[in-house]
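Throughout, the working numbering is defined as the position within the sequence shown, counted from one, plus 1388.
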Amino acid sequence: MAVRPRISYARSRDGASLAFTVSGQGPVVVFAPWVPFSNLRMEWENPLLGDAYEQLGRRLTLIQYDGRGTGHSQRDVTDLSLEAMVSDLEAVVDQTGPKVFGLIGQYTACDHVLAYAARHPDRVNRIVLFGGAARRWDAMSAPGTQALLSLIEQDWNLFVDTAAHQWMGWSAVEVGRATAEAFRGAVTPQLARATLRAASAVDVTDILPSVKAETLVLHRRGASLYPMDVSRSLAMDLPRGHLVVLEGSQPSLLLEGTEAMIKLLLDFFCDGVVPSETSTSGAEAFPASSRQGVPLGTLSRREIEVLRLLAAGESNAQIARRLGISAYTIERHVVNIYRKIEARGRADATAYALRHGLG
């Protein structure tokens, strides 16, 4: 069993106490906790997760913490907003002291990571997201996810048992049982329900252009809990985003294809290596840039897509329907495009697109 690191405490802006650990050596990577189910002590006691953390720690310094209301952090909290979660990340980083570091976020934590990175672009050099979405509801609205979450209201014990075994794989009986206990010990059903309700309303679309760090958006090809399109859309909207499609179906970052995932994370955070389409890890990457005909400048891939459709003569409403996003979001993209390419209107934007091979 991996040696569990010592738990220390930081204090957030509103006074909430946050449990954190520091382990390993090398470039610093902060694991933002997946609220409401973070439980540091039991994660390290899980033989699979503990071993994975120990392997990562041979080349990386890992900073991990329990989210507010969960694990060994303060339980009696009421503010579950995105602002509070980002404040918690700021508090842990300020307490531990790294100047520049990488970030890893899973599911709800992806929003906290992106908001922090947009606010502190000079401190974050690389990001890995798993289960990420610009609009959290997009990732939570799938029928299977909603059916699972509905069990929180109906039968808490049934929920944690089902979630844990789905998380670990139904064949992993003992490990699944341990994971269920970790979930059960992480949070109360009341706080779990309140945290997920608050998370479902989060939308970080507006801040994505401010995230300057190289970002891998990971998605398992056979994942059923959230759609591929959600991950693809997030990667396209990030200026330096890369969608990395992994084989497998488990809704966990480190518990399927573990050795390949550890190599991917070490290569990326230590050496800046983005998985290629011929990666031996089984990952297929779709890079943010270097496409022939993509204009120079700071346009995100989503903005390039919108610009191409604008140049084709489609209206904002038509583009919104085609891309499956709101007309309001398209309007924001168009404003950003005009500002970045210094266009005075649709005619200028169309001419720009044609000059750069987007017509």
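All C-beta atoms in this analysis are idealised placements derived from N, C-alpha and C, irrespective of residue type, glycine included.
- Annotation: the stretch 1580-1635 contains the following complete segments of the beta strand (DSSP E) (minimum length 3 residues), in chain order: 1602-1608, 1629-1634.
- Excluding sequence positions up to five before and after F1657, its CB lies within less than 7 Å of the CB of P1415, V1417, L1448, G1490, R1514, all in the same chain and listed in chain order.
- Check the Cα spacing between T1603 and each of N1704, A1623, F1547: the tightest is with A1623.
- Residue nearest to P1424 within the set V1592, G1455, L1631 is G1455 (criterion: CA-CA distance).
- According to the DSSP assignment, R1392 belongs to no beta strand (DSSP E), since it is labelled neither H nor E.
- Within 10 angstroms of the beta-carbon of G1485 lie fewer than 16 other beta-carbons, which makes it exposed.
- With fewer than three CB-CB distances shorter than 8 Å, the stretch 1609-1625 does not count as touching the stretch 1579-1588.
- When DSSP states are grouped into helix, strand and coil, I1713 belongs to the coil group.
- A direct Cα-Cα distance of roughly 46 Å separates L1436 from E1719.
- By the CB criterion at 8 Å, R1734 and L1698 fall inside the cutoff.
- Between the alpha carbons of N1434 and V1481 lies a distance of about 25 Å.
- Between the C-alpha atoms of K1651 and L1711 there is a straight-line separation of about 34 Å.
- Distance from L1596 to L1695 at the Cβ level is roughly 16 Å; contact not present, criterion being Cβ atoms closer than 8 Å.
- In terms of Cβ geometry, Y1495 and W1422 form a close pair [threshold 8 Å].
- A1574 and S1426 do touch by the CB rule: their CB atoms are close to 6 Å apart, below 8 Å.
- Here DSSP, grouped into helix, strand and coil, assigns Y1453 to strand.
- Annotated as distal: D1510 and L1470, with beta-carbon spacing of 8 Å or more.
- Between the C-alpha atoms of L1606 and D1655 there is a straight-line separation of about 15 Å.
- It is roughly 44 Å from the alpha-carbon of F1419 to the alpha-carbon of A1739.
- Rounded to whole angstroms, R1690 and A1390 show a C-alpha spacing of 43 Å.
- Taking a contact as a CB-CB distance under 8 Å, the pair A1404 and Y1397 does not count as one, their CB atoms being some 10 Å apart.
- Counting the other Cβ atoms within 10 Å of the Cβ of D1543 gives fewer than 16, which makes it exposed.
- The alpha-carbon of G1519 is positioned some 7 Å away from that of Y1614.
- The three-state secondary structure of G1414, taken from DSSP, is coil.
- Of the candidates D1439, D1402, Y1716, D1439 places its Cα closest to the Cα of P1393.
- Cα atoms of G1610 and S1529: separation of roughly 17 Å, rounded to the nearest angstrom.
- A1648 and E1730 have their C-alpha atoms roughly 44 Å apart.
- The secondary-structure analysis by DSSP pairs F1518 across a beta bridge with Q1494, L1606.
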